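Just so we're aligned, residue 5 is where the sequence shown starts under this note's numbering, counting upward by one.
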Amino acid sequence: MPSQLLSYYEAIEKASQDMLDAARSGNWDTVVKLEGACALLISQLKHAATRQNLASEEAQLKSRIMQRILVNDAEIRHLAEPWLDQLDELLAGRTKTVH
5 MPSQLLSYYE AIEKASQDML DAARSGNWDT VVKLEGACAL LISQLKHAAT RQNLASEEAQ
65 LKSRIMQRIL VNDAEIRHLA EPWLDQLDEL LAGRTKTVH
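So this is what it looks like as structure tokens:
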């Protein structure tokens with residue numbers, strides 16, 4: 005059974021995968037909601053990490069989990085670029101009409 009600490013990493017990985025799935029389908033509201041859930045999990049992980057250490061085999065699993073999270077994050081960012089560009093254009097358009 006994984007430690008509580010490792011469970012946080014696994015939950016963050018799951019949320020990261022869910023974010024990627026939502027980004028792939030263009031559901032940016034869900035991505036934003038899941039990002040908030042990830043932030044909460046990360047905060048809880050930081051707090052738990054002050055009280056607990058991972059065993060060496062768990063540390064290896066943590067490294068693999070972190071690599072998958074980073075890959076997911078990179079793809080989410082790649083998928084978000086066009087959406088962010090559209091948002092920038094929209095905001096720029098609003099600014100032009102206001103002035």
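Even for Gly, the Cβ is constructed at its ideal location relative to N, Cα and C. All of these numbers come straight from a predicted model, not from anything done at the bench.
**Message:** Taking a contact to mean a Cβ-Cβ separation below 8 Å, would you say Q48 touches Y13 in this structure?
**Reply:** no
**Item:** Exposure of M23, with buried meaning 16 or more beta-carbon neighbours within 10 Å
**Value:** buried
**Asked** Is the Cβ-Cβ distance between Q56 and L9 less than 8 Å?
**Response** yes
**Asked** What residue range is occupied by the uninterrupted alpha helix (DSSP H) comprising S20?
**Response** 8-28
**Prompt:** Looking at S7 and C42, is the spacing between their C-beta atoms short of 8 Å?
**Reply:** no
**Asked** Does the beta-carbon distance from A26 to L45 come in below 8 Å?
**Response** no
**Message:** Beta-carbon within less than 7 Å of R3's beta-carbon, same chain only, minus the 5 sequence neighbours each way: which residues are those?
**Reply:** No answer is possible for residue 3: it lies beyond the span of the chain, which begins at 5 and ends at 103.
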